[in-house]
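The block underneath contains the structure these notes are about, expressed in structure tokens.
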Amino acid sequence: MSNATRINRIKDRAFKYIGLFCTLFGIIVLAIFLIDILIKGIGRIDWAFLSSLPSRIPERAGILTAFVGTIWILILTAIIAIPIGISAGIYLEEYGKKSRMANLLEINISNLAGIPSIIYGLLGLEIFVRIMHLGNSLIAGALTLSLLILPIIIVATREAIKTVPKSIKEASFGMGATKWQTIRQITLPAAAGGILTGIILAISRAIGETAPLIVIGALAYVPFTPESPMDEFSVLPMQIFNWISRPQKGFAINAAAAIIILLAITFVMNGIAVYLRNRWQKKIRW
Amino acid sequence: MKTKEKVIEFGLGLSALITILTTVGILWVLLVEAFSFFGKVSIIDFLTDTQWTPLFDEKHFGILPLVAGTLLTTFIAVLFALPIGLTIAVYLNEYAYPGFRKTIKPILELLAAVPTVVYGFFALQVVTPFLQSFIPGLAGFNSLSAGLVMGIMIIPLISSLSEDALYAIPKSLKEASYGMGATRFQTAFKVMVPAATSGIVVSVILAISRAIGETMIVAIAAGQQPRLTANPLVPIETITTYIVQVSLGDVPQGSIEYQTIFAAGITLFIFTFTLNSVSYWIKKKFQEKYE
Amino acid sequence: LDSNRFDEKSDKRGKIKIDGSSTVFPITEAVAEEFNKIYPRIRVSVGLSGTGGGFKKFSRGEIDISNASRPIKDTEIESSKKNNIDFVDLIAAYDGLSVVVNPKNTWVDYLTVAELKKIWEPEAQGKIMRWNQIRPEWPDEEIHLYGAGVESGTYDYFTEAIVGKSHSSRGDFTASEDDNVLVQGISTDKLALGFFGFAYFEENRDKLKLVPIDDETEDNGQGPILPSVETVMNKTYAPLARPLFIYVSSESVKREDVRIFVNYYLDNTKTLAREVGYIALTPKDTEEDKKRFFDFCLKYSNIKADSLENERKSN
Amino acid sequence: MSPIETQINQLKAETVKMFNLLIRQVSKSQEAMLDFDKDLSREVIVIEDHVNSFELKLDRDCENLLALYNPLAIDLRLVLAVLKINSNLERIGDIASGIAKFVIRYDKNFDERIIERASIMPMFKTCLLMLHEVKDAFEKEDTQISRKVFKQDEFLDEINKNAIKSLTEHVQKHPEDLEQAFYMMAIILKLERVGDQIKNIAEEIIFYIEAKVLKHTPKKQEKK
Amino acid sequence: MSPIETQINQLKAETVKMFNLLIRQVSKSQEAMLDFDKDLSREVIVIEDHVNSFELKLDRDCENLLALYNPLAIDLRLVLAVLKINSNLERIGDIASGIAKFVIRYDKNFDERIIERASIMPMFKTCLLMLHEVKDAFEKEDTQISRKVFKQDEFLDEINKNAIKSLTEHVQKHPEDLEQAFYMMAIILKLERVGDQIKNIAEEIIFYIEAKVLKHTPKKQEKK
Amino acid sequence: MHILEANGINAYYGTNHVLKNINLQIKPHTITAFIGPSGCGKSTFLRMFNRMNDYIDGFRKEGEIIIEGNEIYNKQVRVEDLRKQVGMVFQKPNPFPKTIFENVVYGLTIRGEKDKKKLNEIAERSLRQAVLWDEVKDSLKKSALALSGGQQQRLCIARALAVEPSIILMDEPASSLDPISTAKIEELILQLKEKYSIVIVTHNMQQAGRISDNTAFFYMGELIEYDETSIIFTSPKHDKTQSYVTGRFG
Amino acid sequence: MHILEANGINAYYGTNHVLKNINLQIKPHTITAFIGPSGCGKSTFLRMFNRMNDYIDGFRKEGEIIIEGNEIYNKQVRVEDLRKQVGMVFQKPNPFPKTIFENVVYGLTIRGEKDKKKLNEIAERSLRQAVLWDEVKDSLKKSALALSGGQQQRLCIARALAVEPSIILMDEPASSLDPISTAKIEELILQLKEKYSIVIVTHNMQQAGRISDNTAFFYMGELIEYDETSIIFTSPKHDKTQSYVTGRFG
Ligand SMILES: Nc1ncnc2c1ncn2[C@@H]1O[C@H](COP(=O)(O)OP(=O)(O)OP(=O)(O)O)[C@@H](O)[C@H]1O
Ligand SMILES: Nc1ncnc2c1ncn2[C@@H]1O[C@H](COP(=O)(O)OP(=O)(O)OP(=O)(O)O)[C@@H](O)[C@H]1O
Ligand SMILES: [Mg+2]
Ligand SMILES: [Mg+2]
Ligand SMILES: O=P([O-])([O-])[O-]
């Protein structure tokens, strides 16, 4: 017995270190990657890099097109996906309870969330590019990405609404508020932090996506910044992909530099999301 | 008042309907194209032929090499990520100080937030050269390095979801075990992990599903050569890579080449759909256990 | 340059869509980039869908100019006609299709066309898998094949020239429309063998090893020959030397911006083709191109010859 | 059985014990009276100590039950009833030992005739009968039995009412019995009080079981 | 103030009212006795009805308090004390009206001398004084005052003890007072009982305030 | 005479018959307590008085509920108006994550009241009624979530009072509070009796005893006994009530 | 003489001084109840007896706790062994999601006990002691989660009994149960007294009254009064105790 106890104690001790190692492993790898990227790319980042159009000559190339394209995509996607996503989330959580339709919607959304992005690309290719003849334009890209992140926003909205206790909704009903008044005045403000967090994460996902845009045909030399949603475009991940595919060393450096920018955007957005989530969780203690 | 409420409800419902339309759209797109595809290619060939050369004159439409490539990279990724992810989950839940856990989790989650094209870059530019320095036969494109990097990408998926599952286990259970004189190790593996099994399984399934559907890492680093092999050192092609490969060109709509990407797409869809459904089912089934 | 004129140019607006051959892409990209500096408001986008893909769009009228690494096919002419689109084919540069291996590959000294055929013909699929199956003295190691994507003119040209039938080859090789991917693959794979446009070799000389090709016919130079400016220009690098084209749509030349661009293209292709690694046209070829384009414009643009001439000069 | 049930049953059993104790004491004091047995009288006085401490114990039990088990409805009524029954019983014990004290204090034996005249023994008998009955009623939770004692109490009242008259008559005939007559007077008064106490007990039992308050107001009605 | 405090205070106030009622009744019955005032006696008997219903009410209050507020510690002791004080007071009322009934029943007036001889008035006075004192003690929650009554009760006991002897002597001198003497005997016994009841009340007050049980066992000690 | 009357109420969740032919009248300015074992239907019944069950799937009722003379399930009755008339306070304090002031005047603002002065007045009046004014008068603009549980519950009561209901329903309003807060709430409820009629569900029998005038005992969907509170607790008529209050259920 | 002795205990969470110089002795085979207002430190003190506070950040203690003659915070004492000696039952039933059997023998299996026969014996014995055997003997292989709340809590008690502790600590063991289950648990606790010493934290004063021999009243981290239970409830010595039991806190 006591032998068994001793072995258990040793196992306990050992696991403590293994666990710590594994946890740090992920972080270390991330750090190595980041350092590697920084070493490769940081020197390349300057105003010219940010403000130049793409070029066949690595030293002349910049990310202006891709950066502006990313901003465009970000805004368009947000405009399309946020209202629909929040609305659908509200509907599912507050209205369509228990009906078979709601059940279907629920399963459907959980599945949509798991469908690989490239399949959305196929959808976008067929529907937006081919059938709606939008070509490989910003709007086609934004629509595709919107559909892609819609489930994320819906799920986040639902989760956030779920954390709003039934009790305060009942309180509102009990005061004679209508359903929509309750949602508008009580539920949404209370869930806003969670919804916002979800939206930021979803959009940060959208601006990191590459595959669906490739599928809808967005890889091209676009030496200008888009001016309307119908324009062709490039985005940072596409630019990175393009540069990675080029064999010249200069482009690898460019890719690294662009990755730094993309990661900075991604990390900042994630950071904001984490911050919001923490603040929101802290603020509201039911 | 009543009408306003109705209108609002209708509007919200319409938004929800878009998600159904999306699914219908996906199914429709995949099925229509795949249907014409299977009009030309027998499904038996599709499932049994061991070669995939739809773009060539000598056409073979055996999906197996692509499936093999997909599964190989996925397998490598999960093999790598599962033990690490699970260990992290247990460590954070059972051993780490709350403060440490609170800071480390978002950082780990960053691993999942890194755009995959960036991972592709790492795989190709960092990991492959590194591996080549001690694995001589390693090709420039290979499933090993793509798989490993994909593994890194899905570590937080496993660790975070598993940790959530562990965290959701009532603290009282942990206390019960301590109260019986169990060590933390025993508590973790005899009580907490079994209690969180469903959540952990779900996390692994989702990770697998994610790996199967992952595109950019394999497209950049694993090669573009459909090949029925279990050798992690040589170039292969996954379903997703194939779709990217074809998309980079511009095959004429309506041609069989064009339809192949939908045939590949529907295969991918079936894989991930099945996995997602299983995880959804598990989640639903075990959800209310501790409420 | 007088600033007034520059302003005039920088004020010119337009939107030009180009797609097609990835082989031609580097030249067009370079032209577009330079062009953009002078005409910043004429927005030129260049896709790389491959020659076939380019012609597809071209025939639907979706793009203005199609890059092509092979001449247009009859079927493609057909579908263009259906959409009332005529075209002019202009030679942009010459290319020598390069067969390359990894620099660490010490055994390949040259390859004959017959050997290439043996490797690439459809029957080879699943059979010719090792180097020593080509020449017994070569090592008993796997051979990893890389080639241009099937939508590319390069692939068409290569299969035509080597296998004897366009679009006919084995399928178990890494095929990419994006030649950079091939460069990447071959440069990191000791057992690799691949082919793509000369330009991509030129840009990556240090990572690749060029393989001399012997067509085993005496009429165009003896023994294995490496592709180079001379061997391509004098056609001794056979059968893999070829011309590269741009096709301009009859609908598009009605627009000033397209005309300006094509004229600029023809004026600058010589230097830029060299820069990106292709073999430039002879001045004679250039003149002929310009002439044919002028006539084409005259025919479709409803603009008088002299104003066209002015337009051309003002470049 | 829930803890409160156990407690309640225990309380009942203890109360029955108290009843028994009292019955013993009263019947002993009756005997002592009958036989002018001064030793027995002393025993009665000793029993009184028992009764007193038992009363304390029962009170304490009730208090604990109230404090710890928060009895309600029938349980609460039982506890309240027991509290009252308990003090009633204790009083009865007091009285019994008071009578015993008289036996001791009066240096001679009482005259048989005057005892006869004062109906002391019938009163004693009636008291004992009533005591048995209320005990029964309590044990069996039977309010019918309980109600019987009201009738019997009337008998005691009757004797009491006539006591002064008959004793006066007796003393006028036998002036030598004067002192004894005062004793008899006191004893009659005491026994009448015993009857009252038992009547109170009966009322408490009815209150406990039927939740009806019989005391005071509806008295006449119930007595019918 | 928490609901239970309100209730407790109310209960106390009601109990004080009950005290006052009783003091009124006893002093009236004393007057009636003194003046042989049969009308006043009837009033005493009427008051008795008040007392009875007030007793019921207080009992009911206690019951409700126990049922609804689950009093503990000092609160519980108060309720228990009030329950007992209440029935003691009611008994005192009974006795007062019993005396009044005698005044009515005895067709003539009592002889002043025999009243004097029986020390009825001093007893009455002492009883009233004791009643006032326990009321005071209860109102002020003062156990010192409460303890005073034990001494005074001894005085009553003394009179009671000598009653038979002195009444016998008296009747021997004045045989015509025989019947009156029996009445006096009964009244003395009753007043002595009043003293006992008040002593019980004092004990309950001490129990309530100090949580000490004085009844029975420690009696001697306390009496010192 | 009666402010609330329930006649022949039956209620169902799907096929689950949870209230069985209940008849009950409530007089104005009284506190009525509902007691009974868990699941006996107390909450369901209570929530029918302001139709809070309307949104529950599968809920169905028979019988009529008449409040101040009107059958509340009548088509003409707007549920929003009914709820103004019949306020509700819940088991757990459920202030909105808004300021204290906004909480109190919520019922008015959703009815479009915008007059600042009036809102201020009503807020003060309601908070005073709920005996909370002194504690919060300096922090009306602070979040209601910063209050302690007991204060929150009083705030919820103030919120209900602000719309001047005639009846206030409370479903175990103190069950999540500590004893001290509970005592305060009970005191408050007793005070409110003067102006309102109150119906309260409670598991705490002492509580029912302490504050209510009448008590209704429910068992398995039936109203077993309805009487003065002290009678229910000291001498109930029905055996089931007796077993319940003496803790002899099983 | 005493099975448990706490001498001069002070405890802190960070800078929060939650237990102040507590001295207390517990005799074998008694039930000791800890009562006091929320946050007064009852749980903290109880959990010190089997060192369940060890893993809490910032927890610090002074003083000594002696159980069966050994100071439990001594370096030589292994906490795993201590917890075998001092069993614990928690507020909410917390069976492991394993079979009933596995739950009961958990404490043995983690100590490496593998002998099937012995495990079976002990399982039966413990379940019998916990008065659960008859209810579960045919479903030992079923999941413990399928049991009702009250059964689960008895299972947890059985689980604690299986390792044969000498002391059993219970932190509000019935607070999450319905009255019927509560009564069963109370009965069980009374039975266990014969073989074990039991310390129980409870908010329910009646419960403390019903089952405990001695009661300790804590207030703001101090042990105010420790005496026989009936004395605490009927005639406490200390004013604070009196105020607390009579509900006059605030
Ligand atoms: N939303 C619902 N859907 C279905 N059944 C319900 C619902 N709410 C309650 N019930 C059922 O109706 C019955 C009565 O429930 P109700 O909540 O009214 O009981 P309660 O007396 O308030 O119990 P508690 O004291 O536990 O609050 C129970 O059997 C319950 O299971
Ligand atoms: N893990 C902890 N970290 C910091 N402070 C704590 C912790 N646990 C308890 N406390 C604090 O210690 C004090 C005593 O807590 P404890 O849980 O012992 O009280 P309790 O008497 O058991 O209360 P309750 O009756 O609510 O369970 C409280 O002020 C509490 O806030
Ligand atoms: Mg309820
Ligand atoms: Mg606690
Ligand atoms: O891209 P291609 O030039 O080979 O068609």
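Chains as they are written, first to last, in my numbering: chain E, 1 to 286; chain B, 287 to 577; chain F, 578 to 892; chain G, 893 to 1116; chain C, 1117 to 1340; chain A, 1341 to 1590; chain W, 1591 to 1840.
Just so it is clear, CB atoms sit at the ideal spot from N, CA and C, and this is done for glycine as well.
Check, Outcome
"Ligand 2 heavy atom lying under 7 angstroms from the CB of G1631(W)", "yes"
"Cβ-heavy atom distance, V1791(W) to ligand 2, below 7 angstroms", "yes"
"Coil, strand or helix - Y1559(A) by DSSP", "strand"
"P1334(C) to K904(G) span [Cα, whole Å]", "Only weak support exists for where P1334(C) lies, its pLDDT of 45 falling under 50; the value from the coordinates is given anyway. Cα to Cα, P1334(C) sits roughly 27 angstroms from K904(G)."
"Neighbouring residues, chain E, relative to F420(B) (Cβ below 7 angstroms)", "Those do not exist, as F420(B) stays about 17 angstroms from chain E at its closest Cβ, beyond 7 angstroms."
"Pick from P804(F), S753(F) and Y841(F) that is closest to G509(B), judged by C-alpha positions", "S753(F)"
"A857(F) versus T765(F), R620(F), D596(F) and Y671(F), residue with shortest Cα-Cα distance", "Y671(F)"
"Beta-carbon gap between D641(F) and I595(F) smaller than 8 angstroms", "yes"
"Residues sharing a beta bridge with I1508(A), DSSP", "G1427(A) and I1538(A)"
"Residue burial classification, H133(E) (beta-carbon count within 10 angstroms, cutoff 16)", "exposed"
"Other residues of its chain near V995(G): CB distance less than 7 angstroms, five sequence neighbours each side excluded", "A924, M925, F928, K930 and S933"
"Pick from P116(E), L125(E) and T77(E) that is closest to V315(B), judged by C-alpha positions", "L125(E)"
"Straight-line Cα distance separating D1045(G) from V1086(G)", "9 angstroms"
"Other residues of its chain near Y849(F): CB distance less than 8 angstroms, five sequence neighbours each side excluded", "Reading the sequence as shown, one finds Leu at residue 849(F) and not Tyr. Taken in chain order, the residues that qualify are I604, A607, V608 and E611."
"Chain E contact for P1437(A) (CB, 8 angstroms cutoff)", "yes"
"Simplified DSSP assignment, three categories, for E1411(A)", "strand"
"Near ligand 2: G1626(W) beta-carbon under 7 angstroms from a heavy atom", "yes"
"Alpha-carbon spacing of G1840(W) relative to K476(B), whole angstroms", "Bear in mind that the predicted position of G1840(W) carries a pLDDT of just 46, short of 50, making it unreliable; the figure below should be weighed with that in mind. Near 46 angstroms, if we compare the C-alpha coordinates of K476(B) and G1840(W)."
"N-terminal and C-terminal residue of the alpha helix (DSSP H) that R1193(C) is part of", "A1189 to R1221"
"Within chain W, the residues that A4(E) reaches when beta carbons sit closer than 7 angstroms", "R1701 and G1702"
"N-terminal and C-terminal residue of the alpha helix (DSSP H) that K1289(C) is part of", "T1259 to K1289"
"Alpha-carbon spacing of I1814(W) relative to K1830(W), whole angstroms", "7 angstroms"
"Exposure of K570(B), with buried meaning 16 or more beta-carbon neighbours within 10 Å", "exposed"
"Rounded C-alpha distance that separates Q1675(W) from I1657(W)", "9 angstroms"
"Proximity test, T1620(W) beta-carbon vs ligand 2 heavy atom, cut-off 7 angstroms", "no"
"Given 8 angstroms, three or more beta-carbon pairs between the stretch 1349 to 1361 of chain A and the stretch 1393 to 1409 of chain A", "yes"
"Through-space distance from F1030(G) to K1306(C), alpha-carbon basis", "29 angstroms"
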